[in-house]
Structures are given as structure tokens and as C-alpha cells.
Amino acid sequence: MAHALREIWRRRSARTLSLAAYEAIGGVQGAVAHTAEEVYARCTPVEAAAVRALLLRLVNPGDGAEDTRRPVHRDELGDAGTTARVLEQLVGARLLTVDGDTVDLAHEALISAWPRLRGWVDEDRERLRLHRRLTEAARTWQQLDRDAGALYSGLRLTATREEFGPEQGELSPLERDFLGASVTAYESGRRAAARAARRLRSLTASLAVLLCLAVVAGAAAWRQSGVSARQRDEAEARRVAAFADTLRPTDPRTAMRLALAAWRTADLPETREVIRTAAAQSDQAAFTQPAQVRALNAPYWLSSDGRIFTTVVRDKAVQWDVSRQRQLREVALPGLSEGITDVSADASLVAYRGRDGATVRNLANGASHRIATGPWTDTDGAFGPSGRTFVVRREGREAGAERATVEVWDVRRERVLFRYPGGDPDGPLPVLSRNDRFLAWCTHDGEQLRVWDVVERRRVATDPPARTQRLLCRSDELTFTPDNRALAAGTTDGVVTWDFHADRARPLLPMPGEGVSAVAFDPTGAYVLSWGSAGLALWRTDSPAPADGGPRRPVVTFRVETPAVTDIRLDPSQGVLRYREGSQAGVVRTLSLHGLISPAWRKKTRTDAAFDADGKPDASAPRYGARAVAADGTVHIAVNTRDGIRVTQQGPHPGSRTIGTRTEDAIAIDPAGRTVVTAEGALIDVGTGRRRRGFEGEDLLRTAAFSPDGRFLAAADTQGRLTLWDAGGQHRIAVLAAADSTVERPALAFSADGSLLASSRADGSVRVWETASPRLAGATLPTGDGPVLAIGFAPSGGELRVATAHLPWRSAQLTPQRAADDVCARAGGGATRTEWRRYLPDVPYRQTC
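First residue of the sequence shown: 1442, per the working numbering; consecutive thereafter.
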């Protein structure tokens, strides 16, 4: 704050400190950057180099997170006269603080506010990380009384020597001593090895027997070396797999690449789990605007399909391809930073204010057009959805009242198509339909909705009900539906749509929580995307009302970590949705819809489904009871009746018999047809009718499943707890999922060989475990489309099939190689060499795709 006050004082008018001066210096961050640049500009070249070295030592570069300050002891900075001088200057400028023997940045904002320091950090990020590890290693060595066992060796020593070279001018005395001792120890060991080799060669002829023994010993050592290398790779693979899970919410693309690298490094249960999760994760990518081309408080736009990201940096319009994460173009336009107004939906046009109106520039071919509105004071403007038109709202005072005039301009012909004078300035900005035919805006203190035919210059609709008008006009933004017949908006009730041609409301799309704040349609109008406190929801506009008379439900809802979302976009051709984090963030996230936009989607909601032993839909499965198929194709069915449980055998030797009592419910039967499991936890022998208790410690069971190979039995109780047992239900192998009362009746299925178990969850996802390592968390596969009705495996066991309320079935690849192929395609390739060095520094680089 002291920096800001000083700069404002310099720009004062008489004795007045103005807000304009505060904004001119860029606020507190701009003042800090200005002070730092002034100090740096006064430095000699030698002092400037010392400033850079000093400040970089005080920064801890982030690894997937923000850069932070790093307090250091005074001894770490050295006693050079130049360093002492620049330290005194930086402390005097209040950029650094000294507390006893500790030197620190005065504020962490210096890292992000001063472009020069930020550039230094970005330029030397990998070198800084290597330097920080060297500093910590040297400190540990010192604390261990300079124990030789703590010295660098191997790849770490080689990388450090190559990076800092022989001069080592930027290292502290302790760091130089540590590196020198490491080099000395390494050279000493190398010379000792050379001497041993020479002695061995001189004794070869006379010590043939010893040579044979040495060969044997060497072979054993080689095998031990191989074991050590494999153990190292496995440890690194587990570490990277765990890190990929934590990185997935913030950097999904890197998380997918690290999951792939972990599995390629070592094929383990943990790495197979993470590669399956990566192949199915909804978060597909996160595009972040590069720091070196980022401006403070810069505006951002996302094209209507979410593929092109546009921003303004120092009077330049800069655009990126979001899906490929590469820059498309950079166009310099003087005055753009101060005058930018809007970017067209297809991102080809940009509008910015000029002296007597607005200029529309085509960023691809440079063509420009003038919107001669007169002085751009108290004026808003925006492109129509087609990009062919531009809507202007000018505000002013008329007869002592605030009034507004709305104009619709033909951009190419540079003429007014429609003008509406005498309105008021409240409410959302006027919007055009996609065919440029209709204009909608709110008048009378932003409370009354008006729709005009721009071509015929007349009103085309009667007023909606008063409450509907209030909801639409109090929304953040109005939007026309793709059929140009209705207006929609996100409201506290949900997505409200008024068909002004039919003079009626379309079905409400409700959202729990605080309602909806943003709405977007796909080009066909078949899908609606909404954002609210409950998350991002995808709806089908032709979805029928639930049979139970309840509210309509979205196809899928994505929970979003960020508190604010803007520019939500649906891209059906790529099967993804995209959104921008916050209103002042250059981050675009991409979520995969996993086939939810599919021709196979059915309007009618199903309530039950089943798969046969080959993973195909099975309409013959009983709705209540259990069904199993033996290896020879014999089908065993257990059905609850008034007389007990009727067990039927269909196949070469058909037959049936009744066991148990009328109060017992059959929930599973083993593939051989010998044992029936009841909800009460009993296992009944079909041949003798004898029963035995199982599942000790469990509540009443909701569902259970035998593995086809007869080794395992999975059971879920009424509390939602899922457990894995031996086939007799006597020995609990593992608790797979803790109690969750929201899970009504999870679907369960084993693969044909019993190596995999899948279970549905309350949120509509499926979790997959390897039965050989059931204590791991399990791979999570999102499905969307409401609750899971049934789960099945293809005969190979490498493909999981899931039936939901509106889709016959969807598949997920569980074979690690197939999952890896999917990850390669979605992540745009495997880990780069830079990413490999950052996350797997001790493992040799390898191609993963």
C-alpha cells in the first residue's frame, strides 16, 4: 500500500489524491511493479545481475501451483559487496524485508506484479527447481556433519554439474562446498574403480579361478542391479500415479499423461487403476493463457463452440485454439486495449470504440467497417449471434429522465436496420435472434419484456405473465433459442423459456440451490447447458416429463470446483462442453460428455435392465430375483413367490424346485445353480434346502453377485456398504466401499475370470476393483445419464458395459493397453521430455504413445 500511496502522491492534483491516479498506476500491484522497475533501472550491469540472482533465490517456483516467496538466512546470500549494496537498495525501497538474519520478499505480490521478475522465474523455472533441491541437499549434508553418504551421485550429480558449470558464481559457499565434495567423492570412486580394474587385468593370468568367481559375483550383482532398478521404477510409478490423481482437478491433461507414464514405467495395480480412471475422466483438458502474454484485468471471450479463446494484450487481439492449445493469430490494433467492446460468436470479428463510433475489424483478412454511432459515451454494444449485425444501446437524459436508444446495424453495409428510441437503460443488454429477425430487451425500469420484428419494425408478441417477465428481465443475460421462436434465461427457478410465437412458456428446467446464472444452446436446439450453484447441467429439450410428475432432470450434472463459471459452451461435434473459470481468468476447461450426445439416446425412461453372460442386453432376466449362467450355457433363475424361492434350470436338463420361505428374498444365485443368497444373509443349498448364515457383521443385503469362476462373492447391504467375500460368504476379504445410504440398490458384476469387480454408485458413476488388490480405492468411471441400471462385462473382460435410464448401454475400456490408447488420443500424446524431467527425474525417459 505504501508503494501505491507514493505513486498516487506523485500524480496528485494540488492536494487531491484521485481514483483516476490510482487506476492509472495499476493499483497496488502496478505500484509495486513500478517501484521495482525504478530500482532496477538505477542499477549498474553488475548490480542488475546481483538483483536478479538475489530475487530468484527468494522465490520458490510452483510445481502445478502458484509461485511463492522463500525466506532465506542471510548467510545463504554471501558477503559480496555488490550483493550487500543491492540488498540495502531493495530493503530501502521496501521490496525486501530483513528480520534478524532472515531476508524475505516484502510481499508475494511482487512475483506476479513485476513482469521482469515473473519473466525471470518463467525463464529459469527448471533451473530454479534444481537449485532449490541443491540448497536443501547441502543443508541436510551440513546438518549431518558433512556425512559422505548425503552427497550427490549418479544422475543428480551429472544434472547439477551440467546446469551450474565450473564457475558456480550463483551458488552459496555451502552449496559450492557440497557440490565440490560430491564431485571429489565421485572422482575418487571412479579412480578407485580404475585402479581395481588395472589390478584385475594384471592378475588375470595367474588367478583364473578367482576370475571365474568374480564373473559369478558380477552376474549376481547385475541381477541385483536389475532388481534395484525395477524396485526404483515401481516406487516412482506409484508416486506418479498418486500425484496424477491429485492433479486431475487442476490440470487434467497433464494428469492423463502422468497416469500413462506411471503405467508405462511399471505395470502395477495402482498404475492400472489410474490409467483406467484417466481414460474415463470427464475433465479432458485445461487451457491456461501463457503468463508471458497475459495482461492484468484483460477481457476474454470464448467462441460459440468454445474452440477459440480471444483476449487483448497491449493493443493486440490474441487468439488461441483451445483444443490444440496453440496460438492462432496476433493482430495489432491501436487503441484496442481501451476501446474493446465485443468479439463475434465465431471469433472472426472484433469491435472497438473510436472517436465517432465503433470499428469492426476482421481478424483473419483485415477488412474493417464503421459503425457511425457518434461519440461512444454511455454506450454499450454487442454483435448479434450471426456476426452480421451489431446492437447498440446509448444512454442519456431526456426530459429529466434516464432514457436509452437501441439501434441494430448491418455491419457489412454500415447502416441502421432498426432504431427504437425512448426506452430506459435498465435490464440486460438487448439481444438479437440467430436469424437477425427479432430483437428483445427489457423496458420500464427493466421489468417489461419487449420483442420486435426488426424487418417489419413492429412488436410481435404479447406480454408474458408478470412473473415470467420479472424472471427474464432480472436475469444476467437473455438468449434466443436456436429456432428463433423463444427467449430463454437462467433464473432463480432454473432455465425459463418463453415462446413468444405460441404465447406460452416452455417446460421449466429446474436447478436446485440458487438457480441458474448462465444458459447456452447447441446449434440444433436439442440440448441446453446451464450453470448454477449445483454445477454444470446438460439437458435435452425433447426429454419427456417424468412419469411420477416430478421435475425434469438433466442428462448429466458436473460438479465444478471453481466458484464462478462464465462463457459456457457446448460443442456437439467434438462431444465436449467448455467453460471459462471466473470472469477475470484466462483458463478454459473442457469436459468430455462420454457419448451422452448420442443417437442411441431414448426419450422413454427405463427403470430396469440386465446383461447376459456375454455382456449383451438380456430382456429375459427377472425383475425381482436372481439369474446366473453356467459355463455350459445352463441358465439358473431364482424368483421370489408366495410359496418361497422358486429355482428354475433352463438348458439340457430343465427343472425347478422351491426352497426357503415366503418371507425370504433371493438376491443372487451362483453360476452352478447350487447356492442361493437371500437378503437376510442366508446361503441356501438348492439341492438339500439347508441354509447357513453368512456375511457376519453386515446389515440386511440389497444385492449380491457371484464371480463366474466361483471364487468370490460381492455383497452390498442396506447401508450402502460394499464388501468382498469368499464364495461361501464366511470370510470377508475386504470392505470396498464404506456405508452410503444414498445408494439404493447398486448394480454389481464380475468379469468372466473374476479378476475385476464393478459396482455402481449413487452419483451415476461406476467403480472398478481388481480382486487381487481389493484394498485400493478402485478406478472411477463416470457415466452420466442418471442412475446405473445394470453392469456387464464383454467375454474378454476388457470392456465394461453400463445400461442407464436412456441409453441401452455404453462401454468403457478396462484393458490397460486400450485405456492407454484412449488416453493418448484424448491428451494429444504422452508426457513431453520437460514433463518427464519434472515429474520422473530418476527414471530414464521413454515414449509413452
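Using N, Cα and C, we set each Cβ at its ideal position, and we do this for glycine too.
Measure the CB-CB distance between Val1996 and Leu1979 and report whether it falls below 9 Å.
At a Cβ-Cβ threshold of 9 Å, Val1996 and Leu1979 count as neighbours.
List the endpoints of the continuous alpha helix (DSSP H) containing Leu1569.
Following the DSSP letters along the chain, one finds Leu1569 inside the alpha helix (DSSP H) bounded by residues Arg1566 to Gln1584.
Whole angstroms is fine: what's the gap from Val2070's alpha carbon to Ser2200's?
Taking the straight line joining both Cα atoms gives about 19 Å.
Here's a check: name, in chain order, each residue in its chain whose Cβ is nearer than 6 Å to the Cβ of Trp1742, leaving out the five neighbours to either side.
If you ignore the 5 residues before and after Trp1742, its C-beta comes within less than 6 Å of the C-beta of Thr1751 and Val1784, all in its own chain and listed in chain order.
Nearest by alpha-carbon distance to Pro2228: which of Val1562, Glu2185, Arg1557 and Asp2106 is it?
Distances from the CA of Pro2228 to each of Val1562, Glu2185, Arg1557 and Asp2106 were compared; the closest alpha carbon is that of Glu2185.
Please state whether DSSP places His1475 in a helix, a strand or coil.
In the three-state reduction of the DSSP assignment, His1475 falls in the helix class, which pools H, G and I.
Do you know whose CA, among Arg2068, Gln2091, Pro2093 and Asp1540, lies nearest Asn2081's CA?
The shortest Cα separation from Asn2081 among Arg2068, Gln2091, Pro2093 and Asp1540 belongs to Arg2068.
Distance CB(Val1500)-CB(Leu1585) smaller than 9 Å:
Cβ distance not < 9 Å, so Val1500 and Leu1585 don't count as in contact.
Under three-state DSSP, which class holds Ile1716?
Correct three-state label for Ile1716: helix.
Rounded straight-line distance, which links the Cα of Glu1955 to that of His1885:
Take the alpha-carbon of His1885 and the one of Glu1955: they are about 26 Å apart.
Here's the rule: buried if 16 or more other CB atoms are within 10 angstroms of the residue's CB, otherwise exposed. What is His2247?
Under this definition His2247 is a buried residue.
One question on the structure: do Glu1918 and Leu1870 come within less than 9 Å of each other, judged by their Cβ atoms?
It is a contact, given that the beta carbons lie within the stated cut-off.
Does DSSP put Val1801 in a helix, a strand or coil?
Val1801 falls in the strand class under three-state DSSP.
Sort out for me which residues DSSP pairs Lys1757 with in a bridge.
Within the DSSP bridge table, the entry for Lys1757 names Ala1773 as partners.
Can you check whether the CB of Asp2008 is closer than 9 Å to the CB of Arg2021?
Yes, they are a contact pair.
Going along the chain, which unbroken runs of the alpha helix (DSSP H) with 4 or more residues stay wholly within the region 2216-2271?
Annotation: the region 2216-2271 contains the following complete segments of the alpha helix (DSSP H) (minimum length 4 residues), in chain order: 2257-2268.
DSSP state of Leu2281, grouped into three classes?
The DSSP-derived three-state label of Leu2281 is coil.
Please report the straight-line C-alpha distance between Glu1604 and Thr1729, rounded to a whole angstrom.
Cα-Cα distance, rounded: 29 Å.
Where the alpha helix (DSSP H) containing Thr1601 begins and where it ends
Thr1601: member of the alpha helix (DSSP H) spanning Gly1595 to Phe1605, first to last residue.
Can you look up Gln1725 in the DSSP assignment and give me helix, strand or coil?
Correct three-state label for Gln1725: strand.
Through-space distance from Pro1923 to His1942, alpha-carbon basis:
Spanning the alpha carbons of His1942 and Pro1923 requires a straight line of approximately 14 Å.
Can you tell me whether Tyr1593 is buried or exposed, with buried defined as 16 or more other CB within 10 angstroms of its CB?
By the 10 Å Cβ count, Tyr1593 comes out buried.
Please work out which residues of its chain come closer than 6 Å, Cβ to Cβ, to Arg1835, disregarding the five sequence neighbours upstream and downstream, and give them in chain order.
Around Arg1835: Thr1820 and Thr1846.
Asp1746 and Ser1827: beta carbons closer than 9 Å?
No, they are not a contact pair.
Option in Gln1768, Leu1790 and Lys1757 with minimal Cα separation from Leu1777:
When Gln1768, Leu1790 and Lys1757 are compared, the shortest CA-CA separation from Leu1777 is found for Lys1757.
Run of the beta strand (DSSP E) containing Phe1879, from where it starts to where it stops
Residue range Phe1879 to Thr1884 is occupied by the beta strand (DSSP E) that includes Phe1879.
Any idea what DSSP makes of Thr1523, helix, strand or coil?
For Thr1523, the three-state secondary structure derived from DSSP is helix.
Could you tell me the distance, in whole angstroms, from the CA atom of Pro1402 to the CA atom of Pro1948?
Not covered by the structure: residue 1402. The range shown for the chain is 1442 to 2290.
In the DSSP assignment, find the beta strand (DSSP E) that holds Asp1545 and state where it starts and stops.
For Asp1545, the enclosing beta strand (DSSP E) covers residues Thr1543 to Leu1546.
Can you name, in chain order, every residue of its own chain whose Cβ lies under 6 Å from the Cβ of Gly1467, other than the five neighbours on each side?
With a pLDDT of 46 at Gly1467, under the threshold of 50, the predicted position of this residue should be treated as unreliable, and no value is reported.
From Met1442 to Leu1528, what distance separates their C-alpha atoms?
In this predicted model, Met1442 has a pLDDT of only 49, less than 50, meaning its place in the structure is not dependable enough to derive any value.
What first and last residue would you give for the beta strand (DSSP E) that runs through Arg1981?
Here the beta strand (DSSP E) through Arg1981 covers Gly1976 to Arg1981.
Which residue comes first and which comes last in the beta strand (DSSP E) that contains Gln2288?
DSSP places Gln2288 in no beta strand (DSSP E); its state is neither H nor E.
Which value, in whole angstroms, describes the spacing of the CA atoms of Phe1921 and Pro2236?
Taking the Cα positions, Phe1921 is about 49 Å away from Pro2236.
Residue closest to Leu1688, alpha-carbon to alpha-carbon, out of Ala1727, Asp1674 and Leu1709:
Here the closest residue by C-alpha is Ala1727.
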